[in-house]
Amino acid sequence: MILQKLADNIFRSTGCLYSVFLLFIIVLKWPFFSMPPVWDEAFSIFPAADFLVRHGFDYSLLMAQPGYHDGGPTAHALSLLTLVTALVLKITGGGKMAWLILHVLQWLMAAAIGTLLARIYSRLFDDMTAFLLAAASLAYPLMLAQIGRMYIEIPLLFFSLFAFYNYRNDRIWLTSLCLLAACLTKGSGIIAVGVVCILALFSKNKSLKNNILDFFVILIPSFAVLFALSSIGRLQLAFSNQSTFTDLLNEIIYRNLHTQQIYISSMPELNFIIAGSVVISIFVLLKNIIRYVKSQENDSNIIIYNCLFIIAFSIFHFVVYAYIQISDSASFISRYFFYVIPSMFLVIYYSIDEILKVAKIRIFVLLLIIIIFLINRNGMFYPEIPHSSIAIAERSEEYVDGYRVQKEYIRVIENEVPENIPVYVDLPDYFLTHYPVSQYVGKPLANVYLLRHVVKLNGSKFIYPDHFVLVYNYPWLGGRHIKYLLQDVSGNKEFLSKELGYFKRGCFSARVVEVKRKQTASF
């Protein structure tokens, strides 16, 4: 009774509801307000934004730079968030003030996500249940981890969710504008565009003519912009070269199994969340298609939207991008689930709501789930990560250890390795040592080379210098070749090696190794 009265008071004002979610986020995430760009932020958004600031926002010059896999600043260069980041860097000059502003912007949008979810859910459940279900979505470790970042996942979900909220209130032009913003933030915003278009086309609340008009008002702006951006951005996708359907199917299955083994299996409960929500979504959609044909009353478009969203998300990432991708590595990483977790939670909870008929039981279950999520915010209930990979560790706040390890060994490279000694690194470390905007280094380290570049220039061979340094931290994006060179040197009597530093925090580790030929060796 007390909780219900509290919920009624919170829901009485949208401002009050928003303030509660914002306070919830600040209490949990305030230590992150001064954290600089981490991992993909430092490889994409920030190098691109810094380039724009230093070159008068010349997008044509930016897009003429080398691509991501060559260490260029073009990843997400055309994203709306890159422009916002560039403006903040321009105003503040970068550093802690920029981090503070960008983190606060993310927190404001995250609080808005919680508010929108609670308002939408209140159309299906009582106010307290709606509030707790929205809070559970934000408290999920993977979700909470992204709220501490300055990346594109939060604005993508915010604009998509706000679009659906406006659609439900028949504000079609505002819906279209929000979906356009989602697509400008990240290309996967097309998922929300497609789902809302389906709802608009088959709506029973308007005539067929108005449905078709709404469909095109929603579709055309986003589709046109995505087409233009893909052309401007010189989008290059590596289509599978398998010739038969069986070969293609096998390749898609292989890549998805790789994704499951590397990323999804690191969050055991996510296997059940994905499987349960997909099965329930298919069942609900089939049931509503039959009802639609028979002109019977359908489920709320809230449920239909979220079921469609789960199916569209799965097809987009696990079929389309398992076939179309830039490299042979997995085309999916953990943080992408940020976009769909609220939908999965809603669909699963909605399906078991009838079982939890007593309100007190529903509230107790949701409170228990939130408590478990918060206890697990650092991944204490998860299996140990087998690789020193922030991409996997984004499942929770574990990734902070990876950031600290990177800061430590980059500092050694900058301060202890002479400028005339070549340092060979993988792609992540190349970004960290060549783009000072992320503040891992004070200036670009000219003696740090991307191993991929060196091997390519030497005809796919690595020619050992007399004196050099190898850095190993991450197993992919060139890290595997670094590891091979370390093993080769350790077993080669022609060389002597000395460890300049070994760094370890949690599941993360890194090595900085100096190597010399014996005739020149004098450590």
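Mapping the sequence shown onto this note's numbering, position 442 (from 1) lands on 422, and the numbers just tick up by one. For each residue, glycine too, the CB sits at the ideal point set by N, CA and C. All values derive from a computational prediction rather than experimental measurement.
query: Length of the line joining the Cα atoms of Leu137 and Gly167; result: 12 Å
query: Residues near Tyr454 in its chain [Cβ-Cβ closer than 7 Å; skip 5 each side]; result: Ser368, Ser369, Asp406 and Pro408
query: C-alpha distance - Phe318 paired with Asn358, whole-angstrom precision; result: 17 Å
query: Residue environment, Phe(-9), which counts as buried when at least 16 other CB atoms sit within 10 Å; result: buried
query: Complete alpha helix (DSSP H) runs within the region 68 to 107 (minimum length 4 residues, chain order); result: 76 to 101
query: Exposure label - Ser59; buried when at least 16 CB within 10 Å; result: buried
query: Collapsed DSSP secondary structure at Leu336 in the structure displayed; result: coil
query: Coil, strand or helix - Gly382 by DSSP; result: helix
query: Member of Tyr145, Leu97, Leu480 and Lys436 whose CA lies at the smallest distance from the CA of Val451; result: Leu480
query: Element boundaries [beta strand (DSSP E), containing Gly481]; result: Phe475 to Arg485
query: Start-to-end residues for the alpha helix (DSSP H) that takes in Phe142; result: Glu133 to Arg148
query: Assumed close pair Arg342, Leu348 - CB separation to whole angstroms, cut-off 8 Å; result: About 11 Å; that fails the 8 Å criterion.
query: Assigned exposure category for Met324 - 16 Cβ within 10 Å defines buried; result: buried
query: Alpha-carbon spacing of Asp381 relative to Phe105, whole angstroms; result: 39 Å
query: Residue(s) in a DSSP beta bridge with Phe488; result: Arg485
query: Exposure label - Asn268; buried when at least 16 CB within 10 Å; result: buried
query: Bridge partner(s) assigned by DSSP for Tyr404; result: Tyr429 and Leu450
query: For Ile93, the nearest candidate out of Val320, Ala371 and Lys463 (CA to CA); result: Val320
query: Identity of the residue in Val449, Gly36 and Asn400 nearest Val493 by Cα; result: Val449
query: Contact check, Leu288 vs Ile178, beta carbons under 8 Å; result: yes
query: Candidates Val421, Pro402, Tyr316 and Lys340, of which the one nearest Ile372 by Cα; result: Tyr316
query: Ser307, buried or exposed, once every other Cβ within 10 Å from all chains shown has been counted against 16; result: Confidence at Ser307 is low in this model, with a pLDDT of 46, below 50, so the placement of that residue is unreliable and no value is reported for it.
query: Arg497 (DSSP reduced to helix, strand or coil); result: strand
query: Distance CB(Ala22)-CB(Leu69) smaller than 8 Å; result: no
query: Close-in-space but distant-in-sequence residues of the same chain around Val495 (CB under 6 Å, 5 per side omitted); result: Phe448, Val469, Phe475 and Ser477
query: Simplified DSSP assignment, three categories, for Pro16; result: coil
query: Whole-number beta carbon distance between Gly169 and Ala180, since they are thought to touch under 8 Å; result: Ala180 to Gly169, Cβ: 16 Å. No contact.
query: C-alpha gap between Asn395 and Ala292, whole angstroms; result: 49 Å
query: Alpha-carbon to alpha-carbon, Ile25 and His56; result: 6 Å
query: Asn251 beta carbon less than 8 Å from that of Ile242; result: no
query: Of the listed residues Leu122, Met89 and Phe142, nearest to Tyr362 (C-alpha basis); result: Leu122
query: CB contact flag (Ala490, Val385, <8 Å); result: yes
query: Whole-angstrom distance between Arg432 and Gly47, CA atom to CA atom; result: 13 Å
query: Helix, strand or coil at Lys166 [DSSP, three-state]; result: coil
query: Presumed contact (8 Å Cβ cut-off) between Ser290 and Ser257, rounded CB distance; result: According to the sequence as given, residue 290 is Ile; it is not Ser. About 5 Å; that satisfies the 8 Å criterion.
query: Beta-carbon contacts of Leu(-3) that lie in its chain and below 7 Å, excluding the five residues immediately before and after; result: Ile(-10), Phe(-9), Thr95 and Ala98
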